[in-house]
Amino acid sequence: MARRTKEDARATRSHILDTAELVFEAHGVAGTSLQDIAKAAGLTRGAIYWHFKDKVDLFNAMMERATMPLEEAGGVCGRVNADLSLGELRDGFVAVLRRVVADPQMKRVFAIATHKVEYIGELDAVRDRHLSVRNACVAEVERALKLAMRRGEMSRRMPARAAAIGLHALLDGLLQNWVLDPAAFNLVKVGSQALDAYLSSLTMSQTVAP
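Just so you know, the working numbering puts 844 at position 101 of the sequence shown, and the rest follows in order with no gaps.
Structure below.
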């Protein structure tokens, strides 16, 4: 019986978080109350408070259970060995773009975190996470680009850190603009073309795509 109760509690918590994503996406974080989420979830406010102490706690839990695209992008470098080529780096980033298109939750939470919340007050932690993700992604990409330089695959005319910051800005800009208006362009197609152009400008051979 106790096990069943725990399972029910986990299911209710997940249902609340799923509902919160949809309501935050539709009305923004500032424009959403716990009562709005409770109503949309078919629950009482008391049921929400049983799982979360306030809206900030609920929002943070929603963010913690999701993977952001640029966290995935930073992991592309961290998961591979020291022989990562620029072509493999490019393919890893394209895979991230495909994941965003195919994963409604990743797309939705990224859209909320970038376009539906203000980085002030108690939600300033969202800004801290955004910066942490950016710094980690840039650091991993910089490491991969330095290795490419040592192999002679990448020109040294642009410092690895500057190139990594530029690549991050390219990916982040593509993602933020696409989630704002998905009908504006094909994220995978345009993203692949943009990555090819950027990475090719860094190479000796002027070709990156397989």
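Note that the Cβ used here is the ideal one computed from N, Cα and C, for glycine as well.
Nearest candidate by alpha-carbon position, reference residue i, set the options
{"i": "residue 814", "options": "906, 940 and 873", "result": "873"}
{"i": "residue 832", "options": "929, 914 and 753", "result": "914"}
{"i": "residue 751", "options": "790, 886 and 767", "result": "790"}
{"i": "residue 835", "options": "893, 847, 802 and 816", "result": "816"}
{"i": "residue 848", "options": "767, 911 and 749", "result": "767"}
{"i": "residue 866", "options": "806, 885 and 841", "result": "806"}
{"i": "residue 858", "options": "754, 748, 770 and 933", "result": "770"}
{"i": "residue 931", "options": "845, 811 and 803", "result": "845"}
{"i": "residue 772", "options": "812, 839, 797 and 748", "result": "797"}
{"i": "residue 774", "options": "840, 850 and 861", "result": "861"}
{"i": "residue 912", "options": "863, 941 and 925", "result": "941"}
{"i": "residue 804", "options": "764, 923 and 921", "result": "764"}
{"i": "residue 945", "options": "905, 924 and 920", "result": "905"}
{"i": "residue 760", "options": "841, 864 and 799", "result": "799"}
Contact under 8 Å by Cβ, residue i with residue j
{"i": "residue 843", "j": "residue 918", "result": "yes"}
{"i": "residue 758", "j": "residue 783", "result": "no"}
{"i": "residue 934", "j": "residue 837", "result": "yes"}
{"i": "residue 899", "j": "residue 892", "result": "yes"}
{"i": "residue 780", "j": "residue 762", "result": "yes"}
{"i": "residue 884", "j": "residue 854", "result": "no"}
{"i": "residue 903", "j": "residue 889", "result": "yes"}
{"i": "residue 811", "j": "residue 869", "result": "no"}
Distance between beta carbons of residue j and residue i, contact taken as under 8 Å
{"i": "residue 828", "j": "residue 896", "result": "7 Å"}
{"i": "residue 795", "j": "residue 786", "result": "Rounded, the Cβ-Cβ distance is 12 Å, inconsistent with contact."}
{"i": "residue 852", "j": "residue 809", "result": "4 Å"}
Residue i, DSSP secondary structure in three states
{"i": "residue 946", "result": "strand"}
{"i": "residue 772", "result": "coil"}
{"i": "residue 938", "result": "helix"}
{"i": "residue 924", "result": "coil"}
{"i": "residue 786", "result": "coil"}
{"i": "residue 761", "result": "helix"}
{"i": "residue 809", "result": "coil"}
{"i": "residue 767", "result": "helix"}
{"i": "residue 929", "result": "coil"}
{"i": "residue 796", "result": "coil"}
Residue i Cβ short of 7 Å to the ligand SAH heavy atom set
{"i": "residue 932", "result": "As presented, the structure is devoid of all ligands, the ligand SAH included, so that no description of it is given."}
List in chain order: all unbroken alpha helix (DSSP H) runs of 4+ residues lying wholly within the segment 816-903.
Qualifying alpha helix (DSSP H) stretches, in chain order: 829-845, 847-858 and 867-893.
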